[in-house]
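Q: Residue numbers (our numbering): 2 to 505.
Provided herewith is a single structure, encoded as structure tokens, for subsequent inquiry.
This is the structure:
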């Protein structure tokens, strides 16, 4: 075993932790993920720091909250001047490689990766982004995610993730036989089980005789919903819509099928590591960029701070280095950068260019806490809100605050489904004040609001200008792979639902 391990980071998209067996689901079929969990370390309370794809991934890659790096929404650029985990690992002697989705926006489509094996699936320009002046976002998902859910013969998302696996597995074999003996950091990143809720018959049939759990809180009367939830639901056409039980059941079954599809992709990567003799000296991390409401509270998708949207799986597999364990400590995606660099340096200290918001999880493993009190922070600055929304999770309590909405305070032990807002309730004034003061000390909301609006105006101007005349694409295209993926020339749903129907 060499001093520096190889590192394989496997990332899914929109995978909520609760559907996995290792997090308590009774039916989801994921033998390969179960293997990672059974031999590895399961972080029971892992969260994203922004429940939306691009800001979450940029925050994860840099170890800093999205508001600090200008990653305000899905159309915001990740500046090339901000180091990512790929830069730090490359500086430590690693070959850094990306296969699959990262949702990088801007002309830098590598951000420290020495090699990128596939195109991205989404546009690299400013075609997606919030506009607080109108309250709209370009090309949002609509109710067709539920009305057209179920079985497909093939979809572009399936094509994309299959390609990410193929190129990733082939690169694993190449690492074993090429003269460059540097350790590798390979990030294989998927778009499943992101909506549309579709899967092929093979994975649909896995759940033919299975009772997939229904939403614990299937719906909430409109009058009892918080204003932010109302706005988010209105954007996707859910507010006031009649969603049938059959649509809910079909969508959830297809989602479970997509999770099983991802599990098979994980199996291909594990087989490649094992067959090439590199499994023992490879640290594997499995996670997602954010969760999925999946019908809970009558909500779907993400962009809210409720547990299904925010809570993610996080598994660290390195049985030759760490014993199997389950860790209760609150952790989040900003912890991955310091963890990866810590793994690469075998615990040796390292210099960073910025003050990071995350900490190495290896310290958590060395000194686990029976009463975790470390705070966890998350943000929403995208569409669906006219002002930033901030969240603090500490111990059993979750607090959210915004200049646009009334605060919320939940006791997750007494109220795991977050149905009773304790803000304003007798006996919680001191706790509410402490959280509010902590949030005010961490975020300058008026200043941040101005920065967000300026960023939106700039990007709209740039996008509109570059739409004229000869286009100059920023998309990464390693040899003709680019045309099939979404590039913003059509509506997202027109592209996403252009799938082959199943054959009888």
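For every residue, glycine included, the Cβ atom is placed at its ideal position computed from N, Cα and C.
According to DSSP, simplified to helix, strand and coil, what is residue 491?
A: Position 490 of the chain shown, counted from the start, is the residue given in the question as residue 491. Residue 491 carries a coil assignment under DSSP once its states are collapsed to helix, strand and coil.
Q: Between the Cα of residue 280 and the Cα atoms of 40, 148, 144, which residue gives the shortest distance?
A: For the purposes of this step, residue 280 is taken as residue 279 along the chain shown, with counting starting at 1. When each option's Cα is compared against that of residue 280, the closest is 40.
Q: Which two residues bound the contiguous alpha helix (DSSP H) that contains residue 251?
A: Indexing the chain shown from 1 puts residue 251 at position 250. Its alpha helix (DSSP H) spans residues 246–276.
Q: To the nearest angstrom, report how far apart residue 205 and residue 44 are at their CA atoms.
A: Locating residue 205 in the chain shown gives position 204, where the first residue counts as 1. Locating residue 44 in the chain shown gives position 43, where the first residue counts as 1. So the two alpha carbons sit approximately 29 Å from each other.
Q: Quick check: the Cα distance between residue 56 and residue 77, rounded to an integer number of angstroms?
A: To locate residue 56, count along the chain shown from 1; it is residue 55. To locate residue 77, count along the chain shown from 1; it is residue 76. Each residue's Cα considered, the two are about 8 Å apart.
Q: Identify which residue in 470, 149, 172 has its Cα closest to the Cα of residue 196.
A: Locating residue 196 in the chain shown gives position 195, counting from the first residue. Taking only the C-alpha atoms, the option nearest residue 196 is 149.
Q: Where residue 450 and residue 73 are concerned, what is the direct C-alpha to C-alpha distance, given to the nearest angstrom?
A: Taking the chain shown and counting its residues from 1, one reaches residue 450 at position 449. Taking the chain shown and counting its residues from 1, one reaches residue 73 at position 72. Spanning the two alpha carbons is a distance of roughly 10 Å.
Q: Starting from residue 148, trace the alpha helix (DSSP H) both ways and give me its first and last residue.
A: The residue labelled residue 148 in the question sits at position 147 within the chain shown. Unbroken alpha helix (DSSP H) run through residue 148: 145–148.
Q: If we call anything under 7 Å between Cβ atoms a contact, is residue 71 one with residue 183?
A: Residue 71 sits at position 70 when you count from the first residue of the chain shown. Residue 183 sits at position 182 when you count from the first residue of the chain shown. No, they are not a contact pair.
Q: Expressed to the nearest angstrom, what Euclidean distance is found between the alpha-carbon atoms of residue 106 and residue 394?
A: Along the chain shown, one-based indexing puts residue 106 at 105. Along the chain shown, one-based indexing puts residue 394 at 393. Approximately 29 Å, taken between the alpha carbons.
Q: Distance check for residue 320 and residue 2, CA to CA, integer angstroms please.
A: Residue 2 sits at position 1 when you count from the first residue of the chain shown. Residue 320 sits at position 319 when you count from the first residue of the chain shown. At residue 2, the pLDDT of 40 sits below 50, so the modelled position is not reliable; the number obtained from the coordinates is stated separately. Whole-angstrom Cα-Cα distance: 12 Å.
Q: Classify residue 151 as helix, strand or coil using the three-state DSSP reduction.
A: Residue numbering aside, residue 151 sits at position 150 when the chain shown is read from its first letter. DSSP places residue 151 in strand when its eight states are reduced to three.
Q: For residue 159, report the span of its alpha helix (DSSP H) as first-last.
A: Taking the first residue of the chain shown as position 1, residue 159 is located at position 158. 157–178 is the span of the alpha helix (DSSP H), which, as asked, contains residue 159.
Q: Would a C-beta distance cut-off of 7 Å place residue 304 and residue 52 closer than the cut-off?
A: Counted from its first residue, the chain shown places residue 304 at position 303. Counted from its first residue, the chain shown places residue 52 at position 51. Result yes, Cβ atoms of residue 304 and residue 52 sit closer than 7 Å.
Q: Measuring alpha carbon to alpha carbon, tell me which residue in 270, 365, 361, 459 is nearest residue 11.
A: Residue 11 sits at position 10 when you count from the first residue of the chain shown. Closest by alpha carbon: 270.
Q: How many angstroms separate the CA atom of residue 317 from the CA atom of residue 469?
A: The sequence position of residue 317 within the chain shown is 316, counting from 1. The sequence position of residue 469 within the chain shown is 468, counting from 1. So the two alpha carbons sit approximately 47 Å from each other.
Q: Using 8 Å as the Cβ pair cut-off and three pairs as the minimum, do the segment 401–417 and the segment 319–334 touch?
A: By the Cβ test, the segment 401–417 is not in contact with the segment 319–334, since fewer than three Cβ pairs between them sit closer than 8 Å.
Q: State the start and end residues of the unbroken alpha helix (DSSP H) segment that holds residue 72.
A: Here residue 72 refers to the residue found at position 71 when the chain shown is read from its first residue. Neither: residue 72 is in no alpha helix (DSSP H) and is coded neither H nor E.
Q: Give me the Cα-Cα distance between residue 472 and residue 120, rounded to the nearest whole angstrom.
A: Start at 1 with the first residue of the chain shown, and residue 472 comes out as number 471. Start at 1 with the first residue of the chain shown, and residue 120 comes out as number 119. Distance between the alpha carbons of residue 472 and residue 120: 18 Å.
Q: Select from 417, 362, 229, 333 the residue whose C-alpha is nearest the C-alpha of residue 341.
A: Within the chain shown, the letter at position 340 stands for residue 341. Comparing Cα-Cα distances from residue 341 to each of 417, 362, 229, 333, the minimum goes to 362.
Q: Measuring alpha carbon to alpha carbon, tell me which residue in 118, 110, 389 is nearest residue 229.
A: Taking the first residue of the chain shown as position 1, residue 229 is located at position 228. The residue from 118, 110, 389 with its alpha-carbon nearest to that of residue 229 is 389.
Q: Would you call residue 434 buried or exposed, if buried means 16 or more other Cβ atoms sit within 10 Å of its Cβ?
A: By one-based count along the chain shown, residue 434 stands at place 433. By the 10 Å Cβ count, residue 434 comes out exposed.
Q: Does the count of Cβ pairs from the segment 256–272 and the segment 26–36 closer than 8 Å reach three?
A: The count of Cβ pairs closer than 8 Å, one atom from the segment 256–272 and one from the segment 26–36, reaches three, so the stretches are in contact.
Q: Count the other CB atoms, across all protein chains shown, that sit within 10 Å of the CB of residue 103; report buried if there are 16 or more and exposed otherwise.
A: Position 102 of the chain shown, counting from 1, holds the residue named residue 103. Residue 103 comes out buried.
Q: The beta strand (DSSP E) spanning residue 8 covers which residue range?
A: Here the question's residue 8 lines up with position 7 in the chain shown. Counting along the chain, the beta strand (DSSP E) containing residue 8 begins and ends at 7–13.
Q: For residue 233, does the three-state DSSP call read helix, strand or coil?
A: The count along the chain shown starts at 1 and reaches residue 233 at position 232. Note: residue 233 maps to helix in three-state DSSP.
Q: What ranges does the beta strand (DSSP E) occupy inside the segment 326–371, keeping only unbroken runs of at least 3 residues that lie completely in it?
A: 326–333
Q: Going straight from the alpha carbon of residue 34 to that of residue 263, what length do you get?
A: Translated into the one-based positions of the chain shown, residue 34 becomes position 33. Translated into the one-based positions of the chain shown, residue 263 becomes position 262. Using only the alpha carbons, I get a separation of about 9 Å.
Q: State the Cα-Cα distance for the pair residue 455 and residue 406, rounded to the nearest angstrom.
A: For this step, residue 455 is matched to residue 454 along the chain shown. For this step, residue 406 is matched to residue 405 along the chain shown. Approximately 22 Å between the Cα atoms of the pair.
Q: Does the beta carbon of residue 382 fall short of 6 Å from some heavy atom of the ligand NAP?
A: Summarising the ligand content, the structure contains no ligands, and the ligand NAP is consequently not present.
Q: Starting from residue 409, trace the beta strand (DSSP E) in both directions and tell me its first and last residue.
A: The residue you call residue 409 lines up with position 408 of the chain shown. Following the DSSP letters along the chain, one finds residue 409 inside the beta strand (DSSP E) bounded by residues 409–412.
Q: In three-state DSSP terms, what is residue 117?
A: Within the chain shown, residue 117 is the residue found at index 116, counting from 1. Strand, per DSSP.
Q: Would residue 14 and residue 191 qualify as a contact pair, given that the criterion is a beta-carbon distance under 7 Å?
A: Indexing the chain shown from 1 puts residue 14 at position 13. Indexing the chain shown from 1 puts residue 191 at position 190. For residue 14 and residue 191, yes; Cβs fall inside 7 Å.
Q: With a Cβ-Cβ cutoff of 7 Å, do residue 86 and residue 312 count as a contact?
A: Working through the chain shown from its first residue, we reach residue 86 at position 85. Working through the chain shown from its first residue, we reach residue 312 at position 311. No, the pair does not count as a contact, with Cβ atoms beyond the cut-off.
Q: Hey, which unbroken runs of the alpha helix (DSSP H) at 4 residues or more fall wholly within the segment 187–219?
A: 202–205
Q: Which whole-angstrom value is the C-beta distance of residue 67 and residue 382, which I expect to be below 8 Å?
A: Numbered from its first residue, the chain shown carries residue 67 at position 66. Numbered from its first residue, the chain shown carries residue 382 at position 381. Indeed they touch by this definition, with Cβ atoms about 7 Å apart.
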